[in-house]
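Residue numbers (this note's numbering): 571 to 656. Okay, so here's the structure we're looking at.
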């Protein structure tokens with residue numbers, strides 16, 4: 571977020587809100603392995619491993635909406651991008 575927003579105070583505020591939210595998902599070995607599989611299966615590298623973890627968590631948890639600045643996520647038809655236009 572900091573790279574896009576370029577404001578440490580706003581970024582910290584969002585970070586604190588996320589940390590204090592009622593739902594904070596942590597990855598386990600199953601999600602890590604799924605993310606690694608997604609990462610390796612890319613034809614052209616579009617997603618970082620961190621992005622692949624996001625995709626894996628969404629698949630396992632049934633999440634269909636993603637808030638992101640990354641344009642690459644728009645190419646995944648299984649998700650709805652929310653937030654600012656990317």
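All C-beta atoms, glycine included, are put in the ideal place defined by N, C-alpha and C. These numbers were taken from a predicted model, which means no experiment stands behind them.
Could you have a look at residue i and say whether DSSP puts it in helix, strand or coil?
| i | result |
| --- | --- |
| residue 623 | helix |
| residue 647 | coil |
| residue 611 | coil |
| residue 597 | coil |
| residue 633 | coil |
| residue 617 | coil |
| residue 603 | helix |
Which two residues bound the contiguous alpha helix (DSSP H) that contains residue i?
| i | result |
| --- | --- |
| residue 650 | Counting along the chain, residue 650 falls outside any alpha helix (DSSP H), though it belongs to the beta strand (DSSP E) covering 650-652. |
| residue 575 | 572-575 |
| residue 583 | 578-589 |
Measuring CA to CA, which of the options is closest to residue i?
| i | options | result |
| --- | --- | --- |
| residue 604 | 649, 619, 595, 645 | 619 |
| residue 631 | 579, 616, 582, 594 | 594 |
| residue 628 | 606, 644, 601 | 601 |
| residue 597 | 650, 591, 606 | 606 |
Return the Cβ separation of residue i and residue j in integer angstroms, given the expectation that the two are a contact with Cβ distance under 8 Å.
| i | j | result |
| --- | --- | --- |
| residue 617 | residue 648 | Incorrect: roughly 14 Å between the Cβ atoms, too far for contact. |
With hydrogens ignored, establish whether the beta-carbon of residue i is closer than 7 Å to any heavy atom of the ligand SAH.
| i | result |
| --- | --- |
| residue 581 | As far as ligands go, the structure on display features none, and thus does not contain the ligand SAH. |
Are there three or more Cβ pairs, one per stretch, closer than 8 Å when the region 635-652 is compared with the region 617-625?
-> yes
Assess, as a yes-or-no matter, whether the region 603-616 is touched by the region 571-582 under the definition of 3 or more beta carbon pairs within less than 8 Å.
-> no
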